[in-house]
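Structure first, then comments.
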Amino acid sequence: MAGDERELSGHEWRLVLLGPPGAGKGTQAGRLSEILDVPKISTGDMLRQAVEERSPLGRLVERTMAEGRLVDDETMAEIVEERLERPDARDGFILDGYPRTVAQAATLDALLEDMDEELDAVVSLEVPEEVLVERALGRQRTDDTEDVVRERLRVYQDSTAPLVGHYNEESSLRQVDGDQPIERVTEDILDSLRSTEVPA
Ligand code: AMP
């Protein structure tokens, strides 16, 4: 690990990764989790696991997910609260896929306030729309139709894109060019974190 990275991993980072489907959030969250030594919390992974296990939650969300729509905010709040309270998330985390609506962002703010914590940064991965469509169709899960891919992008524009403005006002937003090689995107994210003021 380079000296710079050791420096970064000395802080208990609390990060949110924002970006449309296909922007590479999951990949970057995984890489950052290793480098910064904090758990990656992916609500999409948690929900997919519930579907696979056919748990009550899984049965509740299966159809919504298959259609590319968002699971309701109340259900998501329960999942995220329970996850953030687990011991491994006490010393930092990277949220991948949450929040996805302005209401979810408010829930997250309230949860963190209760825990006497705050976000260090919100990283938004910027990727042009045509690149996203290309990427999304290329990595289509077998049961996804092009309609579902386009529905996910539409839902992102309607419900999630407004979060960029929300976090920009709080000035925790870092915009990073996501249309670059994976390693380069990670480097740019780490650079943006180096310029983040964190409590000593
Ligand atoms: P992802 O892997 O993050 O793209 O999530 C896959 C699917 O899970 C989404 O298309 C939604 O149906 C659902 N999902 C994941 N995270 C959330 C969230 N924060 N709010 C609502 N639905 C979500």
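Be aware that the sequence shown starts at 3, since it is given in this note's numbering, and climbs by one per residue. Glycine included, C-beta positions come from ideal geometry on N, C-alpha and C. As the structure is a prediction and not an experimental result, all values here were calculated from the model.
- Query: With 16 other CB atoms within 10 Å as the buried threshold, where does residue 129 fall?
  - Reply: buried
- May I have the straight-line CA-CA distance separating residue 16 from residue 177, to the nearest angstrom? If I take the Cα positions, the gap works out to 16 Å.
- If we cut at 8 Å on Cβ distances, does residue 48 have a partner in chain C? Judged by its chain identifiers, the structure shown contains no chain C, having just a single protein chain.
- Message: Give me the residue from 22, 68, 36 with the minimum Cα distance to residue 149.
- Response: 68
- According to the neighbour-count rule (16 or more other Cβ atoms, all chains shown, within 10 Å of its Cβ), is residue 139 buried or exposed? exposed
- Name the DSSP bridge partner or partners of residue 96? 17, 42
- Hey, how far is the Cα of residue 48 from the Cα of residue 162? Their backbone Cα atoms lie some 19 Å apart in a straight line.
- Query: Heavy atom of ligand 1 less than 7 Å from the Cβ of residue 104, yes or no?
  - Reply: no
- Task: Report the three-state DSSP secondary structure of residue 163 (helix, strand or coil).
- Result: coil
- Query: Do residue 157 and residue 70 have their C-beta atoms within less than 8 Å of each other?
  - Reply: yes
- Message: Taking DSSP's pairing of strands, which residues face residue 126 in a bridge?
- Response: 20, 177
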